[in-house]
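Engineer: This is the structure I have questions about; it appears just below.
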Amino acid sequence: MRDRTVIEMRALRKDFTVRVKAGRLRREKRTVAAVDGIDLRIERGELVGYIGPNGAGKSTTLKMLTGVLTPSAGDVSVCGLRPVPQRTRLALRLGVVFGQRSQLWWDLPLRESFGLLQHIYRVPAAEHAARLRRCVALLDLDGFLDTPVRQLSLGQRMRGELTAALLHGPEVLFLDEPTIGLDVVSKQAVRSFLAELGATGDVTLVLTTHDLADIERLCGRLVVIDHGRVVHDGTIEALHARYGSRRRLVADLDAPLPPGFELDGATLVSLEADGHRASFDLLSDVAGPVVGRLSALASVRDLSLVEPDIEDVVARLYAS
Amino acid sequence: MAELRAYAMLLGGQWRSVTSYRASFAVEMITNIGGTALDVLAVLVIFQATTNVAGFSLPEGVLIVSLSSCAFALADFAVGNIDRLKTYVRTGTMDAVLVRPLSAFGQLILMDLPLRKALRLPFGMAVLAVALRINHVEWTPARVVLLVVTPLAGAVFFASIFVLSASLAFWWVDSGEVGSAFTYGGRDFTAYPTPVYSGWFRVVFAYGLGFGFVAYQPALALLGRADPLGMPAWAGFASPLVALLAAGLAAAVWRTGIRHYRSTGS
């Protein structure tokens, strides 16, 4: 069987030395592990969300995967290559979008930046044209292809960055906060583009983000890191199951609930609107019987079931 | 070949970028000649006050400053902007450079080739031509070769100093203007005959760091003058060797530096 592993990290570490003030003139050297022993294997075609609080080591990991930073210890291989020693060879097979670092030429129109990238990545003209046509159509670039990059809005620029990262047909696409600072419409455009790209199954996608909607929309697999270590690796559902997130039942009632009210199979979490709105956390996966019992005990005007919020789960994860 | 073409395209992109602000590019190009002109003017002013400086006449002084100017203008044009590395490290542009399939050094040079400095070299060469007319040089084949090699070796030497001082940014993001002491300071040192300086300063800059071999020693050899400081005659021909040593050191430090690159947050 063909090995489908695209990215492999084994006991990967990155230490930084920082100087901390320790008195009026003295500075103390201290070693901080930004990435503290990460083991991870990612297969071809996977869509992986890589999340963690600020300073957890997300960007540092991506930079080691792209050959920008040299690991302090451990092994890393991407597309069968070692990122730092084989940086330029690997670069031909990777696409990278750093949300806060531009790949484009500030003073040139997008079209010219793309033309330059074609030569830098040595892409045959026909392939280049085909990919560019596809991106222009999907990302709606037509209106600003001839505008210098410095005059583009952030959303337009980000669509340009995505195109720039894809023109050489990379096997792996790294996205570092691709939706940071974008308005809702642009976020949607970027997300649906990435979803479509991921659906082809040819491209492996690794994205870091603070916007968990990106993950819910795009990623089948979620890797959560904190303090440079992996604290969760699996599906979003597995994360909910593991951290006991509950679906929530919200009921609007004709009359307030009596004091000391209890409902089998659920716990009351809040009462609002003078007791006219009650929220319960469901203790099992089956909502039907609980709803039935509630209707029997109180006069229910309206009901809704709220799916667990990934942000809450992650917030709890970071706090623990 | 494809790679060379990629570098050529980068250069083309830089050209189109700067010429998208046409008027300001033209103004910068003209005012940049001023920098080199001032160096020469400074030498002329000194010789206005006295007819000889440390035993050197005005024509000899002009020869030295013109050799130094040619070397520096060439180096400054080719790699001078590498000192923007510290900005690139700080702003994270360096990350974008490192994810492209080309050498980081080649990209940095070409992305930022200071085209506005292009006219400095022809100006330096013009002053050199004048210097050769007003000095009496007994031409031999060796001296013709020396005349061609000196600005080139000097340029390699200055380029190495530029790269070395820029590499500081890999370890020390806030490296500020420390490097300039050696690049621009070094240029000023080479613009005058070495005997003008004295003591440990002369020993360190002229021989320890090698700045004496950029213009002063070759000028002595061109003129057939003995060195008042006692260096042998062949020292005038040693500048390519000094330049190669400096280049080797610069390349090693650059490579180590890239491995030490720490990037910046996010």
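Just so you know, the sequences run in chain order A and B.
Under the working numbering, residues 1 to 320 are what the first sequence spells out, in order.
Under the working numbering, residues 1001 to 1266 are what the second sequence spells out, in order.
Beta carbons: idealized from backbone N, C-alpha and C, even for Gly.
1. Along chain B, in chain order, which residues have C-beta atoms closer than 9 Å to that of T209 (chain A)?
2. In chain order, what residues of the same chain lie with their CB nearer than 6 Å to the CB of N1081 (chain B), ignoring the 5 residues before and after it?
3. Just the chain A side, please: which residues come within less than 9 Å of Y1261 (chain B) by C-beta, in chain order?
4. Which residues in chain A sit within 9 Å of R1016 (chain B), going by Cβ to Cβ distance?
5. For K63 (chain A), would you say it is in contact with chain B, using Cβ-to-Cβ distances shorter than 7 Å as the test?
6. Against chain B, with Cβ distances strictly below 7 Å, would H119 (chain A) count as a contact?
7. Quick one: residues in its chain with C-beta nearer than 8 Å to the C-beta of D233 (chain A), no 5 flanking neighbours on either side, listed in chain order?
8. Would you list, in chain order, the members of the region 1081-1092 of chain B that have their beta-carbon closer than 9 Å to a beta-carbon of chain A?
9. Any residues in the region 1012-1040 of chain B with a beta carbon nearer than 7 Å to a beta carbon of chain C? Which ones, in chain order?
10. Just confirm the distance between the C-beta atoms of R13 (chain A) and R19 (chain A), as a whole number of angstroms; I'd bet it's less than 8 Å.
11. If you reduce the DSSP assignment to three classes, tell me which class A1006 (chain B) lands in.
12. Taking the alpha-carbon positions, what's the W1015 (chain B) to A195 (chain A) distance?
13. Less than 7 Å between the C-beta atoms of L173 (chain A) and L205 (chain A), yes or no?
14. May I ask you to report which of helix, strand or coil DSSP gives E127 (chain A)?
15. Using the C-alpha atoms, what's the distance from V1079 (chain B) back to G67 (chain A)?
16. Tell me, which residues are paired with M9 (chain A) by DSSP?
17. If P1151 (chain B) and C1070 (chain B) are in contact, beta carbons under 8 Å, what's the gap, nearest whole angstrom?
18. Thinking A1153 (chain B) and S1239 (chain B) are a contact (beta carbons under 8 Å), I'd like their distance in whole angstroms, please.
19. Express the C-alpha separation of L162 (chain A) and R131 (chain A) in angstroms, rounding to a whole number.
20. Would the region 289-299 of chain A count as touching the region 260-275 of chain A if we require 3 or more Cβ pairs under 8 Å?
21. For D211 (chain A), tell me which candidate among A:A241, A:I180 and A:S192 has the shortest Cα-Cα distance.
22. Could you pull out every residue in the same chain whose Cβ sits closer than 7 Å to the Cβ of L1098 (chain B), ignoring the five residues on either side in sequence?
23. Between which residues of its own chain and R111 (chain A) is the CB-CB distance below 7 Å, once the five residues before and five after are set aside?
24. Are the C-beta atoms of S1266 (chain B) and some chain A residue less than 7 Å apart?
25. Please tell me whether V96 (chain A) has its Cβ less than 7 Å away from any Cβ of chain B.
26. Is R101 (chain A) close to chain B, meaning its C-beta is less than 7 Å from at least one C-beta of that chain?
27. Excluding the 5 residues preceding and the 5 following A1235 (chain B) in the sequence, name in chain order all residues of the same chain whose CB lies nearer than 6 Å to its CB.
28. Within a Cβ cutoff of 8 Å, which residues of the same chain sit near F1056 (chain B), ignoring the five residues on either side of it in sequence?
29. Helix, strand or coil for Y50 (chain A)? Go by DSSP, reduced to three states.
30. Do you know how far the Cα of L1223 (chain B) is from the Cα of V1137 (chain B)?
31. Answer yes or no: does any C-beta atom of chain A fall closer than 7 Å to that of P1218 (chain B)?
32. So L90 (chain A) and V78 (chain A) are in contact, right, with Cβ under 8 Å, and what is the actual spacing, rounded?
33. Does the contact criterion of 3 or more C-beta pairs under 8 Å hold for the region 1176-1190 of chain B versus the region 1239-1248 of chain B?
34. What residues of chain B sit near P148 (chain A), judged by a beta carbon separation below 8 Å?
35. What is the DSSP secondary structure of I225 (chain A), reduced to helix, strand or coil?
Structural biologist: In brief:
1. For this step, residue 209 (chain A) is matched to residue 209 along the first sequence. None at all; the shortest Cβ gap to chain B is about 12 Å.
2. Looking up residue 1081 (chain B) in the second sequence gives position 81. Excluding residues within five positions, the ones whose Cβ falls inside 6 Å are D1112 and P1114.
3. The residue you call residue 1261 (chain B) lines up with position 261 of the second sequence. Within chain A, the C-beta atoms nearer than 9 Å to that of Y1261 (chain B) come from V68, L69 and T70, in chain order.
4. On the second sequence, residue 1016 (chain B) is found 16 positions in, with the first residue counted as 1. Those within 9 Å of R1016 (chain B) in chain A are W105, D107, L108 and E112.
5. Taking the first sequence and counting its residues from 1, one reaches residue 63 (chain A) at position 63. Between K63 (chain A) and chain B, the shortest Cβ-Cβ separation is below 7 Å.
6. Sequence index remark: in the first sequence, residue 119 (chain A) carries index 119 (1-based). Yes, contact with chain B.
7. The sequence position of residue 233 (chain A) within the first sequence is 233, counting from 1. Shown here for D233 (chain A): same chain residues with a beta carbon closer than 8 Å to its own, the five before and five after excluded, namely L40, R221, L222, V223 and V224 in chain order.
8. Answer set for the region 1081-1092 of chain B: T1091 and G1092.
9. Of the chains in the structure shown, none is chain C; the protein chains are A and B.
10. For this step, residue 13 (chain A) is matched to residue 13 along the first sequence. For this step, residue 19 (chain A) is matched to residue 19 along the first sequence. So it is not a contact: roughly 20 Å between Cβ atoms.
11. Along the second sequence, read from residue 1 onward, the residue named residue 1006 (chain B) stands at position 6. The answer is helix: DSSP assigns A1006 (chain B) an H, G or I state.
12. For the purposes of this step, residue 1015 (chain B) is taken as residue 15 along the second sequence, with counting starting at 1. For the purposes of this step, residue 195 (chain A) is taken as residue 195 along the first sequence, with counting starting at 1. CA-CA distance, W1015 (chain B) to A195 (chain A), rounds to 38 Å.
13. What you label residue 173 (chain A) is simply residue 173 of the first sequence in a count that begins at 1. What you label residue 205 (chain A) is simply residue 205 of the first sequence in a count that begins at 1. With respect to L205 (chain A), L173 (chain A) sits close: the two C-beta atoms are nearer than 7 Å.
14. One-based indexing of the first sequence puts residue 127 (chain A) at position 127. Reduced to three states, the DSSP call for E127 (chain A) is helix.
15. Along the first sequence, one-based indexing puts residue 67 (chain A) at 67. Along the second sequence, one-based indexing puts residue 1079 (chain B) at 79. If you take the alpha carbons of G67 (chain A) and V1079 (chain B), they lie about 24 Å apart.
16. Position 9 of the first sequence, counted from the start, is the residue given in the question as residue 9 (chain A). Paired residues: A:L40 and A:V76.
17. Here residue 1151 (chain B) refers to the residue found at position 151 of the second sequence. Here residue 1070 (chain B) refers to the residue found at position 70 of the second sequence. At roughly 4 Å, the Cβ-Cβ gap stays under 8 Å, so P1151 (chain B) and C1070 (chain B) are in contact.
18. As a first step, residue 1153 (chain B) is located in the second sequence; it is residue number 153 there, counting from the start. As a first step, residue 1239 (chain B) is located in the second sequence; it is residue number 239 there, counting from the start. 4 Å between Cβ atoms; contact.
19. As a first step, residue 131 (chain A) is located in the first sequence; it is residue number 131 there, counting from the start. As a first step, residue 162 (chain A) is located in the first sequence; it is residue number 162 there, counting from the start. C-alpha separation (whole angstroms): 12 Å.
20. The region 289-299 of chain A vs the region 260-275 of chain A: in contact.
21. Counting from one through the first sequence, the residue named residue 211 (chain A) turns up at place 211. The candidate whose alpha carbon is nearest that of D211 (chain A) is A:I180.
22. Working through the second sequence from its first residue, we reach residue 1098 (chain B) at position 98. Cβ neighbours of L1098 (chain B) beyond the five flanking positions: A1104.
23. Translated into the one-based positions of the first sequence, residue 111 (chain A) becomes position 111. Shown here for R111 (chain A): same chain residues with a beta carbon closer than 7 Å to its own, the five before and five after excluded, namely L145 and D146 in chain order.
24. Residue 1266 (chain B) sits at position 266 when you count from the first residue of the second sequence. Since pLDDT at S1266 (chain B) reaches only 49, below the 50 mark, its modelled position is unreliable, and the value read off the structure follows with that caveat. When Cβ-Cβ separations below 7 Å define contact, S1266 (chain B) makes contact with chain A.
25. Looking up residue 96 (chain A) in the first sequence gives position 96. Yes - at least one Cβ of chain B is within 7 Å of the one on V96 (chain A).
26. Mapped onto the first sequence, residue 101 (chain A) falls at position 101. Put simply, the CB of R101 (chain A) is near chain B, with a gap under 7 Å to one of its CB atoms.
27. For this step, residue 1235 (chain B) is matched to residue 235 along the second sequence. Non-local C-beta neighbours of A1235 (chain B) in its own chain, meaning closer than 6 Å and more than five positions away in sequence, comprise Q1217, ordered along the chain.
28. Position 56 of the second sequence, counting from 1, holds the residue named residue 1056 (chain B). Here F1056 (chain B) has I1064, P1193 and P1195 as same chain residues with Cβ atoms under 8 Å from its own Cβ, once five neighbours each way along the sequence are excluded.
29. Here residue 50 (chain A) corresponds to residue number 50 of the first sequence, with the count starting at 1. Here Y50 (chain A) sits in strand by DSSP.
30. Numbered from its first residue, the second sequence carries residue 1137 (chain B) at position 137. Numbered from its first residue, the second sequence carries residue 1223 (chain B) at position 223. Going by C-alpha positions, V1137 (chain B) is about 5 Å away from L1223 (chain B).
31. Position 218 of the second sequence, counted from the start, is the residue given in the question as residue 1218 (chain B). Residue-level contact by beta carbon fails for P1218 (chain B) and chain A, as no gap is shorter than 7 Å.
32. Within the first sequence, numbered from 1, the residue matching residue 90 (chain A) stands at position 90. Within the first sequence, numbered from 1, the residue matching residue 78 (chain A) stands at position 78. About 6 Å; that satisfies the 8 Å criterion.
33. No, because fewer than three Cβ pairs between the region 1176-1190 of chain B and the region 1239-1248 of chain B fall closer than 8 Å, the two stretches do not touch.
34. Within the first sequence, residue 148 (chain A) is the residue found at index 148, counting from 1. S1020, listed in chain order.
35. Indexing the first sequence from 1 puts residue 225 (chain A) at position 225. It is a strand residue.
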